[in-house]
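Please read the structure below before turning to the comments.
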Amino acid sequence: MHGTIHVARALLGKILLHGSASGIIVETEAYTGPGDDASHSARGVTPRTRVIFGPPGHAYVYLIYGMYQCLNIVAEPDGVPGGVLIRAIQPLTGIEQMQSRRRAARRVEDLANGPGKLTQAFGITMQHNGADVTRGTLTVHPPKNETQLDIAVSPRIGITKAADLPLRFFLRGNPFVSRG
DNA sequence: CAATAGATCATCT
DNA sequence: GATGATCTATTGC
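The first sequence: position 8 = 7 (numbering that gives the first Met the number 0), numbered continuously.
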């Protein structure tokens with residue numbers, strides 16, 4: 000709950016890497032489980048939500064609207080639910096491959112500026128559900144030079160329950176943040 | 001630019 | 001059988 004918010008902020012500025020594709024995480028949302036009605040884990044363990052209740056640092060990937068996948072990072076200790084949705088990424092490398100996976104994107108800014116777009120650009124699928132993001136083919140790691148970040152906060156996007164909680168975090172002014 | 005319709009299926013009730 | 005942590009294309013000012 001509290002730790003998930005910390006992780007959501009800490010993930011900003013980190014690098015997501017999958018094959019030749021890499022980029023800076025510029026937008027996240029915290030989903031804190033009990034008490035957060037928008038969170039998938041709010042109503043307990045199901046076959047789908049079991050990875051959110053598992054150890055931190057693992058990927059929770061799910062299908063939304065029958066055609067897009069969303070990537071979360073599990074954020075709480077084993078047994079405690081909580082996850083961080085990765086909402087937007089600033090592409091760094093593998094941009095040509097991202098463009099071939101996302102023919103609809105006309106600008107580089109549109110390659111990964113949304114939760115469904117970035118999984119498509121990076122080739123992330125439900126096969127990655129449960130994957131350890133500290134080792135393996137899909138990883139998150141610190142940038143080479145850590146700098147001060149200007150982090151802005153807002154309500155989360157696209158939800159109907161608990162829609163007023165300020166649990167969305169993004170890099171202020173960054174052009175790769177989603178439009179909502 | 002803003003609003004909206006339609007696509008499409010795993011998951012849960 | 002209903003419901004989405006979405007995106008794109010298209011329409012209308």
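The beta carbon of each residue, even a glycine, is placed where N, CA and C say it ideally should be.
Going by CA-CA distance only, name the one from the options that's closest to residue i.
i, options, result
"I14", "A103, P174, A161 and A87", "A87"
"Y61", "A161, G179, I123 and R134", "I123"
"G78", "Q89, I85, V50 and A103", "V50"
"V6", "K143, A104, H57 and G157", "H57"
"G179", "G34, I156, C69 and R171", "I156"
"P76", "T138, S99, E28 and G32", "G32"
"A162", "S21, L16, H1 and S38", "S38"
"P54", "A103, E28, D131 and G115", "D131"
"R171", "P154, L164 and L148", "L148"
"G115", "Y30, G65 and L164", "G65"
"N71", "T138, R106 and T146", "T138"
"F52", "A104, Q68, T136 and Y30", "Y30"
"T27", "G34, R42 and C69", "C69"
"Y67", "G34, M125 and E108", "M125"
"H1", "P80, P154 and T136", "P80"
Compute the distance between the beta-carbons of residue i and residue j, then report whether it is under 8 Å.
i, j, result
"N128", "V25", "no"
"F168", "V152", "yes"
"G93", "G18", "yes"
"I85", "L110", "no"
"I4", "L166", "yes"
"I23", "Q96", "no"
"G113", "S177", "yes"
"V73", "Y59", "yes"
"K143", "D36", "no"
"S40", "L91", "no"
Any idea which residues DSSP pairs residue i with across the strands?
i, result
"T27", "I85 and F168"
"A58", "I72"
"A161", "DSSP output for A161 lists no bridge partner at all."
"H67", "Looking at the sequence itself, residue 67 is Tyr, so the reference to His does not match. Answer is I63."
"I150", "L170"
"D131", "H57"
"S21", "L16 and T92"
Whole-angstrom Cβ separation of residue i and residue j, contact assumed at under 8 Å?
i, j, result
"R8", "I158", "Contact flag wrong, Cβ pair sits at about 19 Å."
"R100", "A120", "6 Å"
"L16", "H140", "7 Å"
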